[in-house]
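Residue numbers (the numbering used here), protein chains in the order written: chain A, 211 to 636; chain B, 211 to 636. Structure first, then comments.
Protein chains: 2
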Amino acid sequence: MNVQTKPAEDAVAIVAELGRRAKGAAVALRTAGTDAKNRALSEAARLIRHQKAAILAANAKDIAAAQAAGMTAALQDRLLLTDSRVDAMARGLDDIVALPDPVGAKIEEWTRPNGLVISRVRVPIGVIGVIYEARPNVTADAGALCIKSGNVVVLRGGSDSFHSSRAIVELLRRALATSGLPEDCVQLVPTTDRAAVGEMLRAMDWLDLIVPRGGRSLIDRVTEESRVPVLRHYDGICHVYVDRDADVAMARDLVANAKMRRVSVCGAAETLLIDRAALDTHLMPVLARLHELGCEVRGDGEVQKRDAKALAATEKDWRMEYLAPVISVATVDGVDGAIRHIATYGSQHTETIVTNNAATAERFLGEVDSAIVMHNASTQFADGAEFGLGAEIGISTNRMHARGPVGLVELTTYKNIVRGKGTLRP
Amino acid sequence: MNVQTKPAEDAVAIVAELGRRAKGAAVALRTAGTDAKNRALSEAARLIRHQKAAILAANAKDIAAAQAAGMTAALQDRLLLTDSRVDAMARGLDDIVALPDPVGAKIEEWTRPNGLVISRVRVPIGVIGVIYEARPNVTADAGALCIKSGNVVVLRGGSDSFHSSRAIVELLRRALATSGLPEDCVQLVPTTDRAAVGEMLRAMDWLDLIVPRGGRSLIDRVTEESRVPVLRHYDGICHVYVDRDADVAMARDLVANAKMRRVSVCGAAETLLIDRAALDTHLMPVLARLHELGCEVRGDGEVQKRDAKALAATEKDWRMEYLAPVISVATVDGVDGAIRHIATYGSQHTETIVTNNAATAERFLGEVDSAIVMHNASTQFADGAEFGLGAEIGISTNRMHARGPVGLVELTTYKNIVRGKGTLRP
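In structure tokens, the structure reads:
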């Protein structure tokens with residue numbers, strides 16, 4: 211089925227066929243029991259462990275092509291599958307088996323004066339398109355999350371990971387078939403032609419949601435072109451605000467964790483906001499720890515006055531998602547100033563306040579309009595597993611449907627069920 | 211502020227200015243207390259009653275223009291405001307005052323093993339654009355629903371109702387100002403230039419949601435052009451399935467109510483599905499009542515064989531939203547056939563089954579994938595007030611965010627609040 215080399219004009223036909231198959235599979239998956247879905251996922255985990263050699267061989271082809279094309283070492287590492295990474299992928303599927311099935315759960319139920327009983331019950335969204343870049347483990351993760359939540363998925367991996375993704379998808383499909391579910395519950399777009407993405411973005415007649423996972427240019431293209439609803443993850447320009455009423459040691463440790471635990475995750479802090487009233491008490495202990503950890507500091511005038519190592523921050527720095535050991539530091543006038551700075555420069559992802567003043571904390575939590583707002587907690591907790599959702603398909607910076615970590619529950623919608631006794635509307 | 215006559219090239223500047231003002235108002239409204247919002251709505255109701263003459267005078271201008279342009283009597287009636295219609299508009303605002311404020315409600319809360327307390331709390335969506343056609347009462351309804359749910363709203367009424375809408379918006383803005391809220395919480399697009407709609411549909415930087423209310427061509431344009439998320443109401447091709455185990459009298463009364471109570475509402479039944487096993491027992495009592503009520507019947511061969519008055523239905527009839535005293539009638543093979551027919555021809559709005567067989571009912575409720583599914587209840591209950599939501603801004607046939615009636619709660623989203631004790635991620 212290597213149709214990678216088919217000409218561009220076939221993208222229309224290829225995507226139409228994906229749609230036909232996806233719609234065909236959707237009814238069975240939507241109404242499938244938890245047992246059947248879990249059997250398929252457990253079998254997929256077993257096959258992935260059992261067929262590890264085949265997956266690694268497919269991955270070796272991708273790596274060879276990447277090397278030939280001069281891919282950077284960092285990107286090659288993202289693409290590389292190893293024995294332990296394949297094991298982790300299989301464990302990820304087992305973890306999803308263990309999670310509760312959201313489908314069929316009653317969200318609420320009420321009775322009307324005329325006797326009608328109305329309930330809202332979770333149902334799958336339908337058919338989801340996941341468009342992602344190099345990392346091949348997304349293939350298994352996204353596939354499994356969609357299966358468990360009753361959603362048919364069409365995966366469009368990066369061209370760099372095409373062979374790896376195809377090997378993994380084939381195992382998922384085999385597992386579905388042996389569990390009595392349609393193998394078309396999971397499909398991989400069988401071409402790396404970019405025109406196929408364009409077709410998916412216009413496939414309103416069969417695609418209910420697009421989840422792009424990747425860099426800014428992918429997200430921008432999807433946002434610009436898509437007629438299908440998009441669950442999006444834009445920048446994570448996360449802020450830590452250190453208030454005058456913060457404990458100094460807590461501020462020092464929390465900023466260090468938020469910035470430096472892992473600098474490449476979307477929940478990593480990018481800007482430190484320091485209360486003007488805390489400049490002489492809190493700033494230097496916090497910055498000293500960051501310098502110890504090898505973090506570059508770019509500060510405003512107040513910060514540079516106090517920290518000889520600080521570089522000058524420019525307006526551009528307040529809008530930067532460094533994803534690197536660099537932090538921008540701005541002086542603000544108390545919690546109001548912090549709220550204003552975040553409203554101006556933030557990306558509505560995750561922000562935290564460090565303070566022992568409960569009233570100040572509540573103002574921050576109430577007024578900062580981000581997907582995740584925290585008090586005395588590290589921004590690095592912005593993660594589905596850390597939230598207790600189990601696996602996540604990503605973090606949503608949308609305002610509609612789901613905000614923050616998107617797990618199984620967030621991959622469902624609801625229907626309204628109305629039960630009467632021959633009830634007529636007057 | 212009559213800028214109706216400004217040239218098209220000003221649409222960009224006009225919409226940018228609307229955006230600037232909307233963003234400015236959003237922070238205050240988002241964090242406004244219930245009391246302030248209710249005061250504004252009560253004052254708006256009072257002003258609408260008190261300034262009835264001014265509203266009717268503005269409406270008279272719209273009606274005169276409509277008559278001069280040769281508008282049909284039906285559309286003129288939709289546009290016309292009368293003493294009692296203005297009173298109803300004011301009562302509508304009072305009703306919204308009485309509804310609970312959804313903002314700030316805790317949806318759920320849980321504690322993680324590390325002590326983090328995570329809660330999901332309802333917050334306004336932000337800035338909502340409502341694009342609607344002739345009916346001027348939408349101006350007050352949509353404006354009030356948005357205010358109460360903490361959302362800034364930009365209203366784009368039909369050009370036919372421009373003067374009426376402007377008169378109503380001016381009273382809403384005056385009421386906001388006297389209640390200490392920014393008057394820009396409600397704005398009317400001050401031009402009837404269609405280019406302004408195009409600008410709104412691209413206003414991703416300040417508009418969080420577009421709600422189109424109107425005919426198919428409006429919805430289609432918005433769907434095609436919008437980069438902003440859309441809460442959409444497509445067709446209501448609603449089905450009643452009469453099962454072999456239905457009570458004959460219940461089927462007769464329920465079909466009559468679903469079809470004929472009001473034929474012009476989106477929840478009106480358009481297609482009757484009759485179980486092949488009920489053809490000889492249930493069909494004629496049901497059709498006889500429909501004929502008595504003046505309903506035209508378009509049936510398949512089995513129906514025509516039994517009902518001499520039935521016209522022949524064509525394939526096109528299964529996809530028709532008549533919104534008229536006409537019903538299509540198809541014979542299906544039991545509940546499975548009904549489910550298949552609805553999957554093929556339905557619009558995922560509202561469908562009902564009439565049966566006394568609980569197992570059959572559960573299959574229908576489980577497998578029919580519509581926003582609203584009913585058992586022994588009239589499809590005409592597809593309505594926010596009938597659901598007990600109070601007022602509604604419309605019915606959503608989206609799959610994401612909200613399905614079915616969209617009231618105050620559905621006009622909110624949530625934020626994730628995380629409370630720690632200096633908690634660091636390991």
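The C-beta atom is built at its ideal place from N, Cα and C for all residues, glycine as well. If you're wondering where the values come from, they're calculated on a predicted model, not measured in any experiment.
From residue i to residue j, what does the alpha carbon distance come to, in whole angstroms?
i, j, result
"residue 235 of chain B", "residue 560 of chain B", "37 Å"
"residue 390 of chain B", "residue 511 of chain A", "38 Å"
"residue 223 of chain A", "residue 320 of chain B", "47 Å"
"residue 428 of chain B", "residue 534 of chain B", "21 Å"
"residue 425 of chain A", "residue 364 of chain A", "20 Å"
"residue 399 of chain B", "residue 407 of chain B", "9 Å"
"residue 352 of chain A", "residue 340 of chain A", "7 Å"
"residue 610 of chain B", "residue 611 of chain A", "6 Å"
"residue 271 of chain B", "residue 570 of chain B", "56 Å"
"residue 380 of chain B", "residue 393 of chain B", "9 Å"
"residue 479 of chain A", "residue 627 of chain B", "17 Å"
"residue 273 of chain B", "residue 289 of chain B", "7 Å"
"residue 472 of chain A", "residue 304 of chain A", "26 Å"
"residue 536 of chain B", "residue 596 of chain B", "24 Å"
"residue 387 of chain B", "residue 362 of chain B", "14 Å"
"residue 636 of chain B", "residue 545 of chain B", "54 Å"
"residue 585 of chain A", "residue 315 of chain B", "19 Å"
"residue 605 of chain A", "residue 285 of chain A", "22 Å"
In this structure, what does DSSP give as the bridge partners for residue i?
i, result
"residue 625 of chain A", "A:331"
"residue 584 of chain A", "A:562, B:628"
"residue 485 of chain A", "A:542"
"residue 449 of chain A", "A:481, A:561"
"residue 536 of chain B", "B:506"
What residues of chain C sit near residue i, judged by a beta carbon separation below 8 Å?
i, result
"residue 580 of chain B", "Considering every chain present, this structure includes no chain C. Its protein chains are A and B."
Here's the rule: buried if 16 or more other CB atoms are within 10 angstroms of the residue's CB, otherwise exposed. What is residue i?
i, result
"residue 443 of chain B", "buried"
"residue 590 of chain A", "buried"
"residue 543 of chain B", "exposed"
"residue 397 of chain B", "buried"
"residue 414 of chain A", "exposed"
"residue 566 of chain A", "exposed"
"residue 409 of chain B", "buried"
"residue 404 of chain A", "exposed"
"residue 358 of chain B", "buried"
"residue 287 of chain A", "exposed"
"residue 557 of chain A", "buried"
"residue 418 of chain A", "buried"
"residue 250 of chain A", "buried"
"residue 360 of chain A", "buried"
"residue 317 of chain A", "exposed"
"residue 336 of chain A", "buried"
"residue 280 of chain A", "exposed"
"residue 247 of chain B", "buried"
Leaving out five residues on either side along the sequence, give the residues of the same chain with a beta carbon under 6 Å from the beta carbon of residue i.
i, result
"residue 602 of chain A", "594, 615, 616, 617"
"residue 378 of chain B", "349, 350"
"residue 311 of chain A", "244"
"residue 437 of chain A", "412, 414"
"residue 529 of chain A", "555"
In its own chain, which residues sit with a C-beta less than 7 Å from the C-beta of residue i, not counting the 5 before and 5 after it?
i, result
"residue 355 of chain B", "306, 601, 603, 618, 621"
"residue 322 of chain A", "328"
"residue 231 of chain A", "394, 397"
"residue 504 of chain A", "535"
"residue 469 of chain B", "478, 479, 500, 505, 537"
"residue 625 of chain A", "331, 333"
Taking 8 Å as the limit between beta carbons, can you name the residues of its chain near residue i, skipping five residues before and five after?
i, result
"residue 325 of chain B", "630, 631, 633"
"residue 338 of chain B", "356, 361, 362, 363, 364, 417, 418, 419, 420, 421, 621"
ask   = Below 8 Å, can you find three or more Cβ-Cβ pairs linking the segment 471 to 483 of chain A to the segment 554 to 573 of chain A?
value = yes
query = Is it true that the segment 254 to 266 of chain A meets the segment 364 to 373 of chain A, where meeting means three or more beta-carbon pairs spaced less than 8 Å apart?
reply = no
request  = Could you say if the segment 449 to 469 of chain B and the segment 576 to 591 of chain B meet the contact criterion of at least three C-beta pairs nearer than 8 Å?
outcome  = yes
task = Please determine if the segment 340 to 349 of chain B and the segment 367 to 381 of chain B are in contact, where contact requires at least 3 C-beta pairs separated by less than 8 Å.
result = yes
Touching by the beta-carbon criterion (3+ pairs, under 8 Å), the segment 489 to 497 of chain A and the segment 543 to 553 of chain A = no
query = Taking one C-beta from the segment 506 to 521 of chain A and one from the segment 453 to 466 of chain A each time, how about it: are there three or more such pairs within less than 8 Å?
reply = no
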